[in-house]
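**Q** So that you can map any letter, position 153 of the sequence shown is 153 in my numbering, and since no number is skipped, the others follow by simple counting. Backbone N, C-alpha and C define an ideal beta-carbon position, used for all residues, glycine too.
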Amino acid sequence: MQRYPMTPQGHAALEAELKQLKSVDRPRITASIAEAREHGDLKENAEYHAAREQQGFCEARIRDIEAKLGGAQVIDPTTLKQEGRVVFGVTVVIENMDTEEEKHYKIVGDDEADFKVGKISVNSPIARGLIGKFEGDEARIETPKGVVEYEVMKVIYG
1 MQRYPMTPQG HAALEAELKQ LKSVDRPRIT ASIAEAREHG DLKENAEYHA
51 AREQQGFCEA RIRDIEAKLG GAQVIDPTTL KQEGRVVFGV TVVIENMDTE
101 EEKHYKIVGD DEADFKVGKI SVNSPIARGL IGKFEGDEAR IETPKGVVEY
151 EVMKVIYG
């Protein structure tokens, strides 16, 4: 069974999405299919085919979320020993050693990742290069532009 690491917030977000899909979207789509059937010939009924396609996407997403929640490994960084080490769930402040540019990243599960708001997947090259490092350590990270060296400035649990 595959394990899916996620923060408590990510787990709650997936549960909320699943509830939305099952209690709101699924009944709405079923009603759309029933309404489209009433219009007659299904072969050339675009509304019916669109609703059936929506139903397929909705059911696939429900199965995907249920599988992830079933294999969820919820990790709460506030319960971890705070030793200044970069682990899943922490927010890490790093500084580019060449440009002195400082960045803040929270290391989260794949479904929670949103680079625009500073949440990076634990499977991303940056996170993989930082995991296990301590405050003050240097990390060489392979990027599309080449190797970039960062210093771990601060690790925030929570």
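Taking only three categories from DSSP, how would you classify A72?
**A** Reduced to three states, the DSSP call for A72 is strand.
**Q** I'd like the span of the alpha helix (DSSP H) that includes I33, first residue to last.
**A** Per DSSP, I33 belongs to the alpha helix (DSSP H) from 26-37.
**Q** Could you say if the segment 66-86 and the segment 2-12 meet the contact criterion of at least three C-beta pairs nearer than 8 Å?
**A** Flag = yes, the segment 66-86 and the segment 2-12 touch.
**Q** Please report the straight-line C-alpha distance between T99 and I156, rounded to a whole angstrom.
**A** Going by the C-alpha atoms only, they are around 23 Å apart.
**Q** Would you check if the distance between the CB atom of V92 and the CB atom of E102 is smaller than 8 Å?
**A** In this structure, E102 does not lie closer than 8 Å to V92 by Cβ.
**Q** Give every residue of the same chain whose Cβ lies closer than 6 Å to the Cβ of I33, excluding the five residues on either side of it in the sequence, and list them in chain order.
**A** A51.
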